[in-house]
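These notes are about the structure you will find just below.
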Amino acid sequence: MATVYKANDIILKRPVAVKILRDEFTTDEEFIRRFEAEAQSAARLTHANIVSIYDVGVEGNLYFIVMELIQGKTLKEIIIEEQGPLPWKWSINVAIQIAQALEMAHRNNIVHRDIKPHNIIITEDGVAKVTDFGIAKAVSNSTITAFGTTIGSVHYFSPEHARGGFTDAKSDLYSLGVVMYEMLTGRVPFDADTPVSVALKHMQEEPIEPIEINPNIPSSVNKIIMKALKKDTTLRYQSSSEMLVDLKASLKDPEGDFVEEKEYDQTARTQKINTSELERKRTSNKKENKFIAFIKNHKALSSIVGVILLFFIAFGSTMTILGITNPKEVEVPNVVGLTREEARQKIEDAKLVYEEETEEYNKDVEAGKVISLRTEIGDHTKSPLNLTVKEGSKIFVIISKGQEKATVPNVKGKEQEEAIQLLEEAKLKAEIVEETSKTVKEGYVISQDTEADTEVFAGDTVKIHVSTGTEKVTMVSVIDKDEEAAKKALKAIGITNINIEYEENSSKASGKVIKQSIEKGSTVEKDASITITVNTYKESKTVDLIINVKSLTGGYQETTAQTNTTENSVETDYTTVEKTCDVSVSVDGSVVETRQSVDKNTTQLKISVTGTGRMTITVDAGGSKTTKTVDFSSVTKVNMP
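Take the sequence shown: its letters are residues 1254 to 1894, numbered as in my numbering.
Spelled out as structure tokens, the structure:
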């Protein structure tokens, strides 16, 4: 009926549960009525073992209930997890809490009518909370469940609920007995392949005593369950309070014999009447004589009395005749699933009148057989469940025409909503499968699994593939990443068309991405092109260049005289050398410093050079050159050569 959301109350700053009626039911007056009934019923109840209702409202077509958020598990989940009987003391404590919740509800004339482990939540603190009053109803003495209505869960139905009869507080106590039975045995008292079979068992069969399944159950607890499961409401607990007394007593005296077991009163009642023939004859003559004398003395009055007596005699005779001709009650035979001939024969054999109301398509019932029946005053049903009517009453049946056929329309190339409408008009259902496509526009049908003009059954599902356009991705941020890391991040989401631009920005880190053409969070096609801008600005740095001119040029020696003596003469030779040279420094091919007439014997010529990042330094000393590549960011001094 509804979807439940976990939410936050922004005013009271607390977590809550919000139950919202499903969209498909907002136009259904019956569902809205039940939804509102849940709110109105449960909102009146304030109890520690009942889920609290905080607010109820409607916004447009949005019907909602705000209620207490329960952290815990349903009793059904606990039973399934245990895969067997639960501890009997723990189970009795839970049953006591459920009974206390029902006691509060029944005091307010509210019958839950759907007590089952699924609707009982056990909190993390071990408190049992009864929830889902979606089918609860404020009751009076005349409240009767509509014939054919199956409200609640059949495994936990009371017999009167199953047959569509009067339901009251004792019906909830029967369901509580079923819940106790399941807790202590690990299974429900009645089970079968179909809901109708289960309902019939509730009405006709006696359950196996739980103590036979689980010998660890105390005798008093066994008696409490069996009393709660009595089919006759007069033999059950008559109120939650009465059941609570026995439940609490069972904890104190598990083997005690305090559960009162009622029995049918088989004693025939007699009426005390005066049938003495002797007394009648003795007094008859006296009364007759007095009566005759009275008539003779009061003729006028006697005439009036005579007329009155004649009227009452005639009225009594008429009523007697009506009583004789009043037809007796007969049970309506269940003819669902029979052929029309078999159904007619069975209905007429029961002294009822067969009427064929209409024929309908039905995928579950073979053509020519009965889908459902109704009486002159009832709704159509598939399970009469011991319904009785007067002899001669009309029984109306609906005959199956078999499963309706349908022809699949061609929806390829149609817009999604139009395709769905065409399928629905053909009495078919659509299942949407979304696919990316570079050739078919977003929202249009690419293909259909069942070919057009194929004959299928009405109500079948046709799978259609709808284009979502090209595949979309959500853009990530690559700002402040270096170039390679940025490329890797973009490729990870499927973007491979990446353009790189460079720009100098002294306010940003060098070598990092400072811009991207598509913002973070944008949804774009997977083959979209993106441009990222990388900062190429490099901060300059000055280092000391120490040049060994002597090592580079070979240096020089002072001028010396050398005497050469021959036979005829003595000659003196003088050697002259260059003592200086010009020194120039280039960075990446550009001369940044020149020194003239530098002594060639200089071993530490200091020149300051400024650069950014990795750069090539060239020193030229009188034609002798040396080169070195230097990372300016990591040094403060460079020796050359």
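Beta carbons are placed, not taken as given, at the ideal position from N, Cα and C, and that holds for glycine.
Being a predicted model, the structure only gives us computed values, none of them experimental.
Element boundaries [alpha helix (DSSP H), containing residue i]
{"i": "Met1479", "result": "1472–1481"}
{"i": "His1414", "result": "1412–1415"}
{"i": "His1455", "result": "1448–1457"}
{"i": "Gly1430", "result": "1422–1438"}
{"i": "Thr1806", "result": "1802–1806"}
{"i": "Lys1744", "result": "1736–1745"}
DSSP beta-bridge partners of residue i
{"i": "Val1319", "result": "Val1271, Asp1308"}
{"i": "Asn1752", "result": "Thr1784"}
{"i": "Arg1848", "result": "Val1836"}
{"i": "Asn1261", "result": "Pro1268"}
{"i": "Tyr1697", "result": "Glu1668"}
{"i": "Glu1708", "result": "Thr1660"}
{"i": "Lys1716", "result": "Glu1684"}
{"i": "Gln1769", "result": "Ile1785"}
{"i": "Ser1503", "result": "Ser1503 is not bridged to any residue."}
{"i": "Phe1649", "result": "Glu1608, Arg1627"}
{"i": "Leu1798", "result": "Ile1860, Val1891"}
{"i": "Ala1301", "result": "Ala1301 is not bridged to any residue."}
Range of the contiguous beta strand (DSSP E) that encloses residue i
{"i": "Val1862", "result": "1858–1864"}
{"i": "Met1893", "result": "1890–1893"}
{"i": "Ile1375", "result": "1373–1376"}
{"i": "His1365", "result": "Where His1365 is concerned, there is no enclosing beta strand (DSSP E), given that its DSSP letter is neither H nor E."}
{"i": "Lys1791", "result": "No beta strand (DSSP E) holds Lys1791; DSSP gives it neither H nor E."}
{"i": "Asp1873", "result": "1867–1874"}
Residue i versus the options, residue with shortest Cα-Cα distance
{"i": "Ile1648", "options": "Ile1349, Ala1603, Ala1672", "result": "Ala1603"}
{"i": "Phe1278", "options": "Lys1694, Glu1594, Asn1314, Glu1377", "result": "Asn1314"}
{"i": "Val1730", "options": "Val1719, Gly1722, Lys1773", "result": "Checking the displayed sequence, the identity of residue 1730 turns out to be Ser instead of Val. Looking at the Cα atoms, Lys1773 is the closest of the given residues."}
{"i": "Ile1771", "options": "Lys1716, Pro1338, Lys1484, Ser1782", "result": "Ser1782"}
{"i": "Leu1676", "options": "Lys1272, Val1661, Glu1687", "result": "Val1661"}
{"i": "Glu1458", "options": "Glu1757, Lys1483, Glu1657", "result": "Lys1483"}
{"i": "Ile1333", "options": "Thr1438, Pro1894, Ser1877", "result": "Thr1438"}
{"i": "Ile1368", "options": "Asn1362, Leu1339, Pro1338, Lys1329", "result": "Lys1329"}
{"i": "His1408", "options": "Glu1594, Met1456, Val1474", "result": "Met1456"}
{"i": "Gly1337", "options": "Glu1282, Asn1467, Ile1318", "result": "Asn1467"}
{"i": "Met1496", "options": "Val1271, Val1888, Ile1349", "result": "Ile1349"}
{"i": "Phe1885", "options": "Met1868, Ala1672, Ser1839, Glu1610", "result": "Met1868"}
{"i": "Ala1672", "options": "Lys1691, Thr1714, Glu1657", "result": "Thr1714"}
{"i": "Asn1752", "options": "Lys1761, Lys1768, Asn1758, Ala1762", "result": "Lys1768"}
{"i": "Ala1352", "options": "Ala1301, Glu1514, Val1838", "result": "Ala1301"}
{"i": "Val1836", "options": "Leu1805, Leu1591, Ser1653", "result": "Leu1805"}
{"i": "Thr1871", "options": "Asn1892, Val1888, Ser1887", "result": "Asn1892"}
Residue i burial status per 10 Å Cβ neighbour count (16 or more: buried)
{"i": "Ser1646", "result": "buried"}
{"i": "Thr1855", "result": "buried"}
{"i": "Glu1584", "result": "exposed"}
{"i": "Ser1537", "result": "Its pLDDT being 46, under 50, Ser1537 is placed unreliably by the model, and nothing is read from it."}
{"i": "Ser1586", "result": "Here the sequence assigns Pro to residue 1586, which means Ser is not the residue at that position. With 16 or more Cβ atoms within 10 Å of its Cβ, Pro1586 is classed as buried."}
{"i": "Tyr1427", "result": "buried"}
{"i": "Tyr1434", "result": "buried"}
{"i": "Ile1746", "result": "exposed"}
{"i": "Arg1366", "result": "buried"}
{"i": "Tyr1490", "result": "buried"}
{"i": "Gly1876", "result": "exposed"}
{"i": "Asn1372", "result": "buried"}
{"i": "Glu1413", "result": "buried"}
{"i": "Ser1843", "result": "exposed"}
{"i": "Asp1385", "result": "buried"}
Alpha-carbon spacing of residue i relative to residue j, whole angstroms
{"i": "Ser1450", "j": "Asp1444", "result": "8 Å"}
{"i": "Ile1651", "j": "Ala1415", "result": "23 Å"}
{"i": "Thr1749", "j": "Glu1684", "result": "34 Å"}
{"i": "Glu1792", "j": "Thr1863", "result": "10 Å"}
{"i": "His1718", "j": "Thr1689", "result": "10 Å"}
{"i": "His1633", "j": "Glu1608", "result": "13 Å"}
{"i": "Ala1354", "j": "Ala1381", "result": "9 Å"}
{"i": "Lys1599", "j": "Val1588", "result": "7 Å"}
{"i": "Thr1256", "j": "Lys1643", "result": "45 Å"}
{"i": "Gly1325", "j": "Asp1378", "result": "9 Å"}
{"i": "Ala1295", "j": "Ser1700", "result": "50 Å"}
{"i": "Val1392", "j": "Thr1420", "result": "Interpretation of Val1392 is limited by its pLDDT of 39, a score under 50 that renders its predicted location unreliable; the figure taken from the coordinates is listed afterwards. Distance between the alpha carbons of Val1392 and Thr1420: 9 Å."}
{"i": "Pro1507", "j": "Trp1341", "result": "10 Å"}
{"i": "Ser1570", "j": "Lys1581", "result": "Confidence at Ser1570 is low in this model, with a pLDDT of 46, below 50, so the placement of that residue should be treated as unreliable; the coordinate-derived value is given next. For Ser1570 and Lys1581, the distance between alpha carbons rounds to 20 Å."}
{"i": "Gly1655", "j": "Val1618", "result": "6 Å"}
{"i": "Asn1362", "j": "Ser1493", "result": "13 Å"}
{"i": "Asp1499", "j": "Asp1510", "result": "10 Å"}
{"i": "Lys1501", "j": "Glu1612", "result": "57 Å"}
{"i": "Thr1784", "j": "Thr1776", "result": "16 Å"}
Residue-chain proximity (residue i, chain C), Cβ-Cβ < 7 Å
{"i": "Val1845", "result": "Here chain C cannot be found, since the structure has a single protein chain."}
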